[in-house]
Structure formats: C-alpha cells, structure tokens
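One structure below.
Residue numbers (mature numbering (1 follows the signal peptide of the UniProt record, and there is no 0)): -17 to -1, 1 to 250.
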C-alpha cells in the first residue's frame, strides 16, 4: 500500500514538471466526465413473529452495460437501504365502561287533605244536687211532743250528773250547771240516736233549751244533755241538783210536779 502511494506521487511530479515549450503538443479531444446517479428501490419483506424478526431481500439484477460510442459512463450502485419496520406498538386504548344513567325514581308526592276536626260543643256538667240529710221529723205520741209554745206536764227528779247520752261529760257540775235529762218517751219519739262519740252529739234534742215551771210558780231554764230511761212518765224530766234547789229550795221532796216547754226547738 505504501509503495503504491509513493509511485503515484512520483508520477504526479513528472507530470507537473513536464515543460510546455512552444506549445507543440498535440491537441486531443476534450472529454467530459458525466456522473449519473441511479436510485434503486428494493422491496424488502420483513416477518415479525413473537420470537424473532426476519428480513428477506430480492435477488440482485445484473444489467449489461451497453457498448456504445458514447464516452464512458461510470455507474455507481446505489446504496440499498433496508428499512426494518418497527413492530407496531399497540397502545391499548382505555376501555370506556359504558355508563348507564339511571334517573332517580321520583319521590312520591303525598297530598295531605286537611281533615276537618269535629266541632265540639261544650256541655256544662250537670250540677250535682247537694242533698242535706234532714233530721227525721219528730213523731209525737199521746201526752208528749208538741210545738215550742205548748207546755208539757210531768214529774221532776234530780240525779248526779256525769257522761251523758249526748257525749258530754258533766261530772262534777251538779251544783254549777242547769242540766236536763229528757225522759225516754220524748227522746225515743224523736230519734233513737245518742252520740257519735265523746263530745259528738247525734240526737236532735242535744243542746236544746227548755223552760221549767214548778207548782209554786218558780221557773228556771235548763239544757238537754242526757236521756232519762227511768223517768216515771213520757214527759217527765231528770235535772241536776242546782235546778232542783233553784225551784224547790231543797232536795227533800225528791219528786215534784212541773210543766216545761221548748224555747226554740219544735218537737
């Protein structure tokens, strides 16, 4: 390779040093160097499978150069370019899930019809009648009872007072109080009640005042606080010692005739 380069350099030197002289050289025809380019297209088959890629080129064509009198033509084989198609890249398009719009069910509309409330008429509660238990009307028997203005005649005695039928305890009041025990005939003719307990009188005669008049003309008053079951007649009375002394002056007689009447009670 080096010797070829040296020889070429020597020849170039000789050519360059050749004298032209008086231009006695022969004139030669000038030649033009024409360069033509030919583009060759080749079809390449590329097989692509999962494991490898194979490329197949077509068979080379030989063209005979035509011998003609035209100046020499230089042919330079075009460079064959092999294009290997890249395997198509498949881009997975996102799968769009079909969306089905379901409209919400319409809410049921409820219409409320106002119900007319029944009109109420206020009725006043019936007035309860209050009944007052009236004391039984006194029944009169022969020789007893009568109005407050009518006088009754009977016997009068005295006794030692104590807890009476009306429920009052008068013990020790013999000489200080005008106490009357009404005979059983008059008492029972009005009512059989006595008392509900201590200081709770139940009989209508309890607490009633009477006026007593002796045969000598003297009179005094007394309060009914007891019942006399042993009196000799229905209209007879038994009194405290004080009343007997006020009318008779002493207790020697023991039993005397008197008349008496209610001051306010209608018996």
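All C-beta atoms in this analysis are idealised placements derived from N, C-alpha and C, irrespective of residue type, glycine included. Predicted model, so just to flag it, every value in this text is computed and none were measured.
Residue 237 is positioned such that its CB atom lies no closer than 8 Å to that of residue 183.
In the DSSP annotation of this structure, the continuous segment of the alpha helix (DSSP H) that includes residue 229 starts and ends at 224 to 231.
Around the beta carbon of residue 158, a 10 Å sphere encloses fewer than 16 other beta carbons of the protein chains shown; the residue is thus reported as exposed.
Taking a 10 Å sphere around the C-beta of residue 217, we find 16 or more other C-beta atoms and assign the residue as buried. Here the alpha carbon of residue 133 sits roughly 19 Å from the alpha carbon of residue 164. In the same chain as residue 209, and ignoring 5 residues on each side of it, the C-beta atoms closer than 6 Å to its own belong to 147, 148 and 164, in chain order.
The beta-carbon separation of residue 196 and residue 204, rounded to 10 Å, does not stay under the 8 Å limit for a contact.
Between residue 221 and residue 140, the CB-CB gap stays under 8 Å. In this structure residue 242 is in contact with residue 135, their Cβ atoms being roughly 7 Å apart against a cut-off of 8 Å. Under DSSP, no beta-bridge partner is assigned to residue 236. Between residue 201 and residue 160, the C-beta gap is not smaller than 8 Å, which leaves the two residues out of contact. Annotated as proximal: residue 188 and residue 207, with beta-carbon spacing under 8 Å. The C-alpha of residue 155 lies about 7 Å from the C-alpha of residue 145. According to the DSSP assignment, residue 197 belongs to the beta strand (DSSP E) that extends over 192 to 197. For residue 209, no alpha helix (DSSP H) encloses it; the enclosing beta strand (DSSP E) starts and ends at 202 to 211.
For residue 166, the closest C-alpha among the options 212, 227 and 235 is that of 212. Just so you know, the alpha carbons of residue 176 and residue 228 end up roughly 31 Å apart.
Between the alpha carbons of residue 240 and residue 198 lies a distance of about 6 Å.
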